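Colleague: Protein chains in written order, with UniProt numbering: chain P, 1 to 365; chain X, 1 to 398. The C-beta atom is built at its ideal place from N, Cα and C for all residues, glycine as well. All values reported here derive from a predicted model rather than from experimental measurement.
1. Can you tell me the Cα-Cα spacing of residue 192(P) and residue 275(P), whole angstroms?
2. Kindly provide the ranges of any alpha helix (DSSP H) runs that are 4 or more residues long and lie completely inside the stretch 44 to 120 of chain X, ordered along the chain.
3. Return the chain-ordered list of same chain residues with a C-beta closer than 6 Å to the C-beta of residue 164(P), the five sequence neighbours on each side being excluded.
4. Per DSSP, what are the beta-bridge partners of residue 389(X) in this structure?
5. Check the C-beta distance from residue 356(P) over to residue 262(P) and give it rounded, since I have them as a contact under 8 Å.
6. Anything in chain P within Cβ reach of residue 367(X), meaning under 7 Å, just list it in chain order.
7. On a Cα-Cα basis, can you pick out the residue from 212(P), 161(P), 208(P), 60(P) that is closest to residue 344(P)?
8. Between which two residues does the beta strand (DSSP E) holding residue 34(X) run?
9. Any residues in the stretch 145 to 161 of chain P with a beta carbon nearer than 9 Å to a beta carbon of chain X? Which ones, in chain order?
10. Is residue 152(X) buried or exposed, if buried means 16 or more other CB atoms sit within 10 Å of its CB?
11. Scan the stretch 118 to 134 of chain P for residues whose Cβ lies nearer than 8 Å to a Cβ of chain X and list them as they occur along the chain.
12. Do we get a CB-CB distance below 8 Å when we pair residue 43(X) with the residues of chain P?
13. Given a cut-off of 8 Å on the beta-carbon distance, is the pair residue 356(X) and residue 84(X) in contact?
14. Whole angstroms are fine: how far does the CA of residue 268(P) sit from the CA of residue 24(P)?
15. Give me, in chain order, the residues of the same chain whose beta-carbon lies closer than 6 Å to that of residue 22(P); leave out the 5 immediate sequence neighbours on both sides.
16. Please return the same chain residues whose Cβ sits closer than 6 Å to the Cβ of residue 330(X), not counting the five positions on each side in sequence.
17. Please name the residue, chosen from 384(X), 320(X), 49(X), 393(X), that lies closest to residue 102(X) on a Cα-to-Cα basis.
18. Between 322(P), 310(P), 328(P), 180(P), which has its C-alpha nearest residue 129(P)'s C-alpha?
19. Whole angstroms are fine: how far does the CA of residue 106(P) sit from the CA of residue 181(X)?
20. Leaving out five residues on either side along the sequence, give the residues of the same chain with a beta carbon under 7 Å from the beta carbon of residue 425(X).
21. Please list, in chain order, all residues of the same chain as residue 81(X) whose beta carbon is under 8 Å from its beta carbon, the five residues on each side excluded.
22. Could you give the distance in angstroms between the alpha-carbon of residue 170(X) and the alpha-carbon of residue 224(X)?
23. Do residue 115(X) and residue 222(X) have their beta-carbon atoms positioned less than 8 Å apart in this structure?
24. Return the chain-ordered list of same chain residues with a C-beta closer than 6 Å to the C-beta of residue 352(P), the five sequence neighbours on each side being excluded.
25. Can you look up residue 54(P) in the DSSP assignment and give me helix, strand or coil?
26. Roughly how far, in whole angstroms, is the beta-carbon of residue 285(X) from the beta-carbon of residue 256(X), given that I think they are within contact range, below 8 Å?
27. Considering only heavy atoms of the ligand FAD, does any lie closer than 7 Å to the CB of residue 272(X)?
28. Would you say residue 175(X) and residue 218(X) are within 8 Å of each other, going by their C-beta atoms?
29. Just to confirm my understanding: we take residue 329(P), look at its own chain, exclude 5 residues before and 5 after, and list those with CB closer than 6 Å. What are they?
30. What in chain X is Cβ-close to residue 110(P), meaning under 7 Å?
31. For residue 347(P), is the classification buried or exposed, using 16 other Cβ atoms within 10 angstroms of its Cβ as the cut-off for buried?
32. To the nearest angstrom, how far is the alpha carbon of residue 220(P) from that of residue 207(P)?
33. May I ask you to report which of helix, strand or coil DSSP gives residue 230(P)?
34. Run through the stretch 276 to 340 of chain X for me and flag every whole beta strand (DSSP E) of 3 or more residues, listed as ranges in chain order.
35. Mind checking the stretch 37 to 57 of chain P against chain X and listing, in chain order, the residues whose C-beta falls within less than 7 Å of any C-beta there?
36. By the 10 Å Cβ neighbour count, where 16 or more other Cβ atoms means buried, how is residue 275(X) classified, buried or exposed?
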């Protein structure tokens with residue numbers, strides 16, 4: 001690594017030394033203020049599904065165990081009792097079949113929410129997601145749009161080994177015709193999910209099992225029924241001036257504590273929560289890089305052709321490149337199928353200390 | 001060896017649709033309506049077969065004959081256009097199978113839907129695209145029903161959802177369309193067509209299961225033309241009685257070379273589905289004259305004699321022509337007039353398909369999204385990004 005960091009990184013055409021007022025650590029605290037409530041991610045998502053079913057008669061949810069079982073991960077708890085068989089539908093364990101059925105229903109005018117228990121199982125259905133949902137609008141010259149949401153757990157949970165621990169962010173973000181969101185917080189999932197249901201195009205909503213059980217400070221404004229987060233726009237979770245960290249989904253759980261630790265050591269990083277992977281809010285990244293001159297990406301997905309790779313490539317191809325003082329560094333999942341053993345699994349994904357270490361290296365601290 | 005479908009349809013069963021009686025006398029020396037027999041059906045878990053006889057009006061006879069003739073001629077033109085390299089890529093012709101689509105279309109109501117596989121030119125025409133729109137789509141021109149962006153396998157019109165290039169993928173989509181029709185409280189049904197090759201796809205069985213579980217108004221139509229690409233049904237399917245492959249889904253075998261029999265089967269299926277009984281499987285025994293696609297001469301896995309035999313003995317158009325003229329429903333002169341008229345229409349459309357222009361490059365980044373959120377669409381290089389435009393009238397916006 002140190003070899004990479006010798007001297008300035010190529011030529012900087014525009015020297016920027018923009019400084020921003022120091023942002024207090026309060027943005028990262030978890031103490032609820034009168035305008036911020038602690039809300040569990042799962043509950044935020046459950047309420048959002050409930051409200052969207054209520055808002056539009058064409059909205060229904062289908063998937064494995066979503067109805068009588070209350071959801072394999074309890075996301076749909078209580079919804080079958082409230083809405084009944086028409087709106088909350090248990091499917092057989094046949095991903096390709098029910099995903100295709102949901103796409104057909106969307107083509108014919110409904111607004112399906114297709115739950116995959118996890119996106120690992122959606123690999124059995126990926127043809128219907130990409131070829132049927134993602135491409136039909138273009139192939140039909142703008143006639144048959146497919147308003148559908150595919151949602152479920154993505155990326156690693158804990159202790160479930162290789163077949164159940166994979167990030168599909170890059171897979172879906174690769175494909176034109178799809179939109180991809182990766183909500184990290186309760187606010188994110190509420191606003192992004194609602195936007196996804198109301199969007200006329202297919203949207204992939206990548207949630208995470210660990211996040212489902214997490215509580216997040218959520219502003220009151222996010223609790224109104226029409227709270228929408230625009231798809232394609234990121235959020236600056238913490239403004240900073242020394243280095244930009246771009247992340248999404250569960251990986252932010254490693255980034256946020258790292259940012260706190262760095263802050264206490266006098267390193268003020270800017271944390272961007274991408275929220276959407278397609279479209280990618282590159283303007284936000286670029287603007288931030290122009291300010292901090294340093295960029296790292298942090299994700300659970302594998303390095304090869306990953307979201308970090310895409311961001312690095314876009315930086316290389318844009319004006320942002322000239323603002324870099326150091327190379328863009330990707331923190332990713334280790335390039336192995338996820339192991340089961342705890343010690344190995346823990347070492348398979350970026351941890352706060354990894355983030356801290358890389359930031360300090362880049363800043364020569 | 002003949003494939004099972006060819007063997008079945010070559011059996012000397014009851015003479016092809018014997019005309020039972022003239023019904024309403026004559027008009028200008030022609031019958032206005034005849035009653036005729038349908039070809040025998042085979043049933044799977046059904047108590048009563050479709051009607052053994054039906055009425056064919058002169059008006060319908062004119063319509064069916066013309067439609068079958070248009071599809072035949074249009075495909076012949078596509079064959080020529082492909083050979084002159086004006087049609088690119090894949091091109092799967094429907095010649096020989098016309099009676100299946102025309103017969104089903106004859107039974108459809110305005111709120112019923114259809115989805116099929118890649119052999120979709122005929123269906124696109126029957127569901128409302130003009131011959132010009134089909135042929136210009138094939139040549140990738142702007143008058144095409146998808147402005148040349150979909151090509152041979154991706155054509156769409158009202159209540160016609162394609163045109164799907166992935167073998168079997170249209171089957172769950174069709175069940176989803178049926179699901180929507182039921183959800184919305186209509187009595188509409190969806191016909192989901194697939195070939196004998198696709199009949200072995202796993203997702204087809206997943207779909208049978210859900211369709212029966214939820215009693216969806218979906219009519220699965222297996223067009224058994226004897227071959228999945230170059231593999232005969234016998235070499236691909238452990239059970240070639242495709243009308244029984246739904247197991248718990250009742251099934252019906254029909255002679256897919258007889259347009260009136262197919263129409264009766266489709267009417268029967270619509271009545272069955274709309275009454276809430278759930279899905280049906282129809283196996284339509286048919287035959288394709290051309291190879292699987294244009295790259296396949298279609299002769300390495302079957303004999304020229306086999307193809308000739310079907311053409312001579314059971315061609316759906318010749319058969320229907322003989323029936324209607326023998327019955328005095330249509331005259332030889334009328335047939336000639338229709339033939340000439342169809343030839344003219346297809347010839348003119350063919351000319352347009354050669355001379356029509358392609359859409360401009362400005363449409364390269366058009367209609368990727370119904371609501372585009374990408375600031376710009378990346379080009380082959382980052383230096384000349386494209387702007388996303390909206391042009392098509394999206395059906396599911398509000």
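Modeller: Taking the structure as given:
1. 8 Å
2. The stretch 44 to 120 of chain X is shown to contain whole alpha helix (DSSP H) runs of 4 or more residues at 58 to 83, 98 to 107, in chain order.
3. 120
4. 366(X)
5. 6 Å
6. 137, 138, 141, 142
7. 161(P)
8. 33 to 37
9. 145, 146, 147
10. buried
11. Flagged, chain order: 127, 128, 131, 132.
12. no
13. no
14. Annotation note: pLDDT 36 at residue 24(P) (below 50); position unreliable, no value reported.
15. A caution first: residue 22(P) carries a pLDDT of 33, below 50, which makes its placement in the model unreliable, though a value can still be read off. Cβ neighbours of residue 22(P) beyond the five flanking positions: none.
16. Listed in chain order, the non-local C-beta contacts of residue 330(X) below 6 Å within the same chain comprise 61, 324, local neighbours out to five positions each way being set aside.
17. 320(X)
18. 180(P)
19. A straight-line Cα-Cα distance of about 11 Å links residue 181(X) and residue 106(P).
20. Since the first residue of chain X shown is 1 and the last is 398, residue 425(X) is not available in this structure.
21. 87, 135, 138, 139, 350, 353, 354
22. 16 Å
23. no
24. 254, 257, 258
25. helix
26. 5 Å
27. Judged by which ligands are present, the structure shown has none, so any question about the ligand FAD falls away.
28. yes
29. 296, 358
30. 180, 183
31. exposed
32. Roughly 22 Å separates the two Cα atoms.
33. coil
34. 280 to 285
35. So the list is empty, because no residue satisfies the distance condition.
36. exposed
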